[in-house]
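Chains P and D are the protein sequences, given in the same order. Numbered by the numbering used here, the letters in the first sequence go through residues 1 to 218 in order. Numbered by the numbering used here, the letters in the second sequence go through residues 1001 to 1218 in order. Worksheet for the structure shown next.
Number of protein chains: 2
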Amino acid sequence: MTKRGQGKPAGLSRERIAVAAVDLVDRQGLESFGVRRLASELGVDPMSIYNHIKGKAALLDAVSEAVLAEVSATAAQWPDDWMDIARTMARGYRDMAIRHPRIFPLLATRAQTSAVAFEALERLTTAMRRAGITDQAIADAPLVLFGFLNGYLLATLSTDPGEAGGPATGAAQPAFDPALYPTMAALAPLQAGFGGEPEFERMLATVLAGIAEGAARA
Amino acid sequence: MTKRGQGKPAGLSRERIAVAAVDLVDRQGLESFGVRRLASELGVDPMSIYNHIKGKAALLDAVSEAVLAEVSATAAQWPDDWMDIARTMARGYRDMAIRHPRIFPLLATRAQTSAVAFEALERLTTAMRRAGITDQAIADAPLVLFGFLNGYLLATLSTDPGEAGGPATGAAQPAFDPALYPTMAALAPLQAGFGGEPEFERMLATVLAGIAEGAARA
DNA sequence: CCCTACTACCTACACCGTAAGTATTACCTA
DNA sequence: TAGGTAATACTTACGGTGTAGGTAGTAGGG
């Protein structure tokens, strides 16, 4: 009575698995994610997944690659000016992070070596060269920009709201005791929009200003 | 023949557990870290740990709190100028990250709400206020600075070298195909010191310049 | 001296990632 | 059309995990 549909292709493929994995992590989070959960989601034996993806690490790689590809896909076209390119990239990257807050830590933690990542870097650096910026400043720029983006987005998205709250609208901060931390407490109102878009634009401008200043400084 | 030393205090304490956990993660990495491993390291039953720390999540909290405390502990004294303070903090933070590369992802991922973290923020913001900087720029500064630090250090330390290589001396990057990514390939020599101290100082200066520029801009 | 609180331990359960082996199908060749 | 081959999916099993629940022993206060 056993051995039912064995051997018959169940329509699995690396891409289909990746799509389902992205969806599963989006819904249930990284903690509970696993090969077995994903397999049951696909209506498939856990080990069948191993025919397409080597192990859990490779699975997570596929997940992060899939969401990273969204960034390039959503950008209709690219400006000429390097600052506009950087801004467009940063905004698209943030939008992706907001769409997939529970996946984003994967991106920030793992080194990105996919083609889409390389293409983005190439696009940015080429535009900076066109603008006649110092090579050293150009070489540093990606690490400064994406270092900031990764760290900032990690911080603002890390407060996992479960289900409540709109997307990226100020995950509540812990509130400072005025007796212990008077300055921080006084500043608290100005940090109300924590994680919001105006704040992001402000800080992005700050970092880009630093890069531009460094380009001039050299 | 069972029931040997049951009930007798084995000298466990939250702090002793945290110290052992830090040491264990430093040596074996986050992946393999677990309650059972830690318990055997301490020569103790796994469940005994639960008498002092609620669960694995709390255990990781204790680990990250312990290494974060090192930063304040190593700084002998603090300068007056806010930029010097920021630099000192950043360097101490980087030194800590280099000492504990496998623990650092924990810090960058989890929101820091410990007293040492708050004190550091209070110190920085108070100094900025003394300098007469706009409140909005002050309120933004910590997130920009530590956002960058977290993202940058994550990127430069993520290439886990296992055992080889000196500390933080250029984890080799993937090398770009000149045919596909000509600009990046041309820039590669300038990225040789990836993760090194001069690079860090350059990028830190870039970010601080951006913050200072934003302070003037407002 | 007993009683209480506390620490440490033991057992057990549900779950995990995955190595190794087996059965079934689809396709290509003759 | 028949036979062989490679690919795919499944099954079983092993050693690990976090931790809930219950038990045994000691330390210190009355």
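Where a beta carbon is used, it is the ideal one built from N, C-alpha and C, also for glycine.
Host alpha helix (DSSP H) of P:S64 (start-end) = 56-74
message = Strictly under 7 Å for the Cβ-Cβ distance: is D:E1213 near chain P by that measure?
response = yes
query = D:Y1093: which of D:D1080, D:A1075, D:M1083 sits nearest, CA to CA?
reply = D:A1075
request  = Inspect the beta-carbon positions of D:H1052 and D:L1106 and report whether they are closer than 7 Å.
outcome  = no
Pairwise C-alpha distance: D:Y1181 and P:I17 = 30 Å
key: Inter-residue spacing [alpha-carbon to alpha-carbon] between P:S64 and P:R102   = 11 Å
query = Going along the chain, which residues of its own chain have a beta-carbon closer than 6 Å to the beta-carbon of D:A1127, five neighbours each way excluded?
reply = W1082, I1085
message = Contact criterion: CB-CB distance below 7 Å. Does P:Q191 meet it with respect to chain D?
response = yes
task = Report yes if the C-beta distance between D:V1067 and D:H1100 is below 7 Å; otherwise report no.
result = yes
query = Is it a yes or a no for the segment 1122-1138 of chain D touching the segment 131-144 of chain P, going by three-plus beta-carbon pairs under 8 Å?
reply = no
task = Evaluate D:E1015 with the Cβ neighbour count: other Cβ atoms within 10 Å of its Cβ, from every protein chain shown; 16 or more gives buried, anything less gives exposed.
result = exposed
message = Does P:S114 come out as helix, strand or coil in the three-state DSSP assignment?
response = coil
ask   = Going along chain D, which residues have a C-beta under 8 Å from P:F146?
value = G1151, A1155
query = Got a sec: which bits of the segment 1063-1084 of chain D sit with their beta carbon under 7 Å from any beta carbon on chain P, in order along the chain?
reply = none
ask   = How far does the alpha helix (DSSP H) with D:V1035 in it reach, from first residue to last?
value = 1035-1042
request  = Classify D:F1146 as helix, strand or coil using the three-state DSSP reduction.
outcome  = helix
query = DSSP state of D:R1129, grouped into three classes?
reply = helix
task = Kindly indicate which three-state DSSP category D:T1206 falls into: helix, strand or coil?
result = helix
ask   = On the three-pair Cβ rule with 8 Å, is the segment 1194-1213 of chain D touching the segment 203-212 of chain P?
value = yes
request  = Identify which residue in P:L143, P:A62, P:Y50, P:A20 has its Cα closest to the Cα of D:F1194.
outcome  = P:L143
query = On the three-state DSSP scale, how would you describe P:Q136?
reply = helix
Chain P residues whose Cβ lies nearer than 8 Å to that of D:I1053 = Result: empty, since nearest Cβ-Cβ is about 18 Å, beyond 8 Å.
Span separating the alpha-carbon of D:Q1191 from that of D:G1151 = 17 Å
message = Alpha carbons only, please: which of P:L154, P:P178, P:G147 is nearest the one belonging to D:T1156?
response = P:G147
key: The alpha helix (DSSP H) enclosing P:P105, as first and last residue numbers   = 104-109
key: CB of D:A1111 within 7 Å of CB of P:S40, strictly   = no
Given P:F176 as reference, the closest of D:G1214, D:V1025, D:T1113 once Cα atoms are compared = D:T1113
request  = Using the Cα positions of D:A1141 and D:I1211, report the straight-line distance between them to the nearest angstrom.
outcome  = 7 Å
key: Cβ pair D:L1038, D:A1021 closer than 7 Å   = yes
message = For D:A1108, which residues in the same chain have their Cβ closer than 8 Å to its Cβ, ignoring the five residues on either side in sequence?
response = N1150, G1151, L1153, L1154
ask   = Once you ignore the five residues that flank P:I138 on each side, which residues in its own chain have a CB closer than 7 Å to its CB?
value = T125, M128, R129
key: Under 7 Å (Cβ pairs) to chain P, residues found in the segment 1092-1126 of chain D   = P1105, A1108, T1109, R1110, A1111, T1113, F1118, L1121, E1122, T1125, T1126
message = Check this for me: beta carbons of D:V1116 and D:A1069, under 7 Å apart or not?
response = yes
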